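Everything below concerns the one structure shown next.
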Amino acid sequence: MSGTPKLSDESLRHFARIREDFTRMMLGYRFGMEQVATRLDILREEFTELHQDNPIEHISSRLKSPESIIAKAARQGVELEIEALRAGITDIAGIRVVSPFVADLYRLVDSLTAQPDITVRTVKDYVARPKPNGYRSLHLILEIPVFLSSGPVQVPVEVQFRTVAMDFWASTEHKIFYKYEGDVPSGLRRRITEAAATAARMDEEMADLLRAVHGDAEGSPVEGRVHDRERR
Ligand code: 0O2
């Protein structure tokens with residue numbers, strides 16, 4: 001009877017090293033994500049306590065599972081090496097911030113990216129320029145230093161900023177997309193895009209109401225300002 005083939009000591013050591021590197025990488029992402037979430041919590045508390053104005057409805061965060069990281073690396077042709085994954089897969093750590101008003105998104109981004117140890121890697125402003133299906137959100141890839149016993153690492157964290165209306169639309173669209181495994185019938189696709197326009201009108205109407213009550217509170221697109229910081 002043939003048993004399980006034995007791995008050489010060298011192979012075992014190799015796998016142990018890969019496992020340890022991967023665990024260290026994932027810990028870095030978790031700590032980076034937690035630090036950014038804490039910074040956002042602090043901003044929320046400060047705005048709420050000092051200005052009686054809470055710019056955040058809720059924050060959620062998630063770490064990509066090893067299976068999804070491997071699947072995405074395979075799709076994007078990224079090598080299964082720690083440095084290649086770090087450079088090529090930028091949404092291993094993800095945070096979603098849901099705010100009442102569009103102006104809150106830009107205010108939060110300004111306050112967060114003004115922090116001296118946070119670097120802005122990319123900005124995708126789908127609020128100013130929605131995707132063709134109507135998707136709107138403000139995506140930033142930030143880098144924050146995490147200090148492990150082995151030394152500091154710059155950890156990328158993807159942060160998606162959305163209003164409640166954008167979030168409602170995106171989660172419904174996501175459910176429909178998965179139900180049809182991406183092959184959504186054209187009639188439904190058209191209605192999804194129309195619903196996105198309705199959500200955008202809702203955001204405008206709410207901002208208008210706010211202005212009527214408090215005077216001008218609208219934010220302006222963030223890209224120019226963030227890019228200025230990036231170049232520093
Ligand atoms: P999950 O599980 O939400 O993380 P990339 O991230 O580089 O592979 P892309 O399209 O260049 O791909 O990045 P982008 O545009 O910044 O979008 C990444 C994330 O935004 C997606 O993550 C979604 O969370 C969200 N998103 C983008 N477009 C849409 C959309 O049309 N509908 C909805 N509902 N969400 C969207 P993932 O990777 O899909 O997965």
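The opening residue of the sequence shown carries number 1 in the working numbering; numbering runs sequentially from there.
Glycine included, every Cβ here is placed at the ideal spot set by N, Cα and C.
Owing to the predicted nature of the structure, the values given are computational and were not obtained by experimental measurement.
Beta carbon proximity, residue i to chain D, threshold 8 Å
{"i": "MET33", "result": "In the displayed structure, chain D is absent; only one protein chain is listed."}
Option in the options with minimal Cα separation from residue i
{"i": "ASP125", "options": "LEU7, SER137 and VAL146", "result": "SER137"}
{"i": "SER111", "options": "VAL36, GLY32 and ILE18", "result": "VAL36"}
{"i": "ILE70", "options": "VAL102, SER61, ARG86 and ILE56", "result": "ARG86"}
{"i": "ALA128", "options": "ARG121, ASP203, ARG190 and GLY182", "result": "ASP203"}
{"i": "GLU107", "options": "THR119, LYS6, LYS175 and LEU40", "result": "In the sequence as displayed, the identity of residue 107 is Arg instead of Glu. Minimum Cα distance to ARG107 is reached at LEU40."}
Distance between residue j and residue i (C-alpha atoms, nearest Å)
{"i": "HIS58", "j": "THR163", "result": "10 Å"}
{"i": "LYS64", "j": "ILE95", "result": "11 Å"}
{"i": "LEU43", "j": "SER149", "result": "29 Å"}
{"i": "ILE141", "j": "GLY151", "result": "22 Å"}
{"i": "PHE177", "j": "THR90", "result": "23 Å"}
{"i": "ALA16", "j": "SER61", "result": "29 Å"}
{"i": "GLN76", "j": "THR4", "result": "34 Å"}
{"i": "SER68", "j": "ALA170", "result": "20 Å"}
{"i": "GLY187", "j": "THR113", "result": "41 Å"}
{"i": "ASN54", "j": "ASP208", "result": "18 Å"}
{"i": "PRO242", "j": "PHE22", "result": "Since the first residue shown for the chain is 1 and the last is 232, residue 242 is missing from the structure and cannot be characterised."}
{"i": "HIS214", "j": "ARG121", "result": "34 Å"}
Proximity below 8 Å, CB of residue i to CB of residue j
{"i": "ALA199", "j": "PHE168", "result": "yes"}
{"i": "VAL159", "j": "ILE144", "result": "no"}
{"i": "GLY32", "j": "VAL157", "result": "yes"}
{"i": "ARG134", "j": "THR193", "result": "The sequence shown places Gly at residue 134, not Arg. Yes, Cβ-Cβ distance for GLY134 and THR193 is below 8 Å."}
{"i": "PRO130", "j": "ALA195", "result": "no"}
{"i": "VAL97", "j": "PHE47", "result": "no"}
{"i": "ILE56", "j": "SER99", "result": "yes"}
{"i": "ALA73", "j": "GLY88", "result": "yes"}
{"i": "PHE101", "j": "MET166", "result": "no"}
Any non-hydrogen atom of the ligand 0O2 within 7 Å of residue i CB
{"i": "HIS174", "result": "yes"}
{"i": "GLY94", "result": "yes"}
{"i": "ASP117", "result": "no"}
{"i": "LYS124", "result": "yes"}
{"i": "ASP110", "result": "no"}
{"i": "LYS179", "result": "no"}
{"i": "ASP21", "result": "no"}
{"i": "HIS139", "result": "yes"}
{"i": "ASP91", "result": "yes"}
{"i": "ASN133", "result": "yes"}
{"i": "GLN154", "result": "no"}
Own chain residues within Cβ distance below 7 Å of residue i, not counting five before or after
{"i": "TYR29", "result": "LEU63, ILE92, ALA93 and VAL155"}
{"i": "ALA84", "result": "VAL78"}
Contact set for residue i: own chain, Cβ-Cβ below 6 Å, skip 5 residues either direction
{"i": "VAL146", "result": "GLY28, PHE31, GLY32, VAL153 and VAL155"}
{"i": "MET25", "result": "ILE82"}
{"i": "MET191", "result": "Here residue 191 is Arg; the residue named in the question, Met, does not match the sequence. If we look at ARG191 and ignore the five residues flanking it on each side, it has no Cβ neighbours."}
Residues near residue i in its chain [Cβ-Cβ closer than 8 Å; skip 5 each side]
{"i": "LEU80", "result": "ILE70 and ALA73"}
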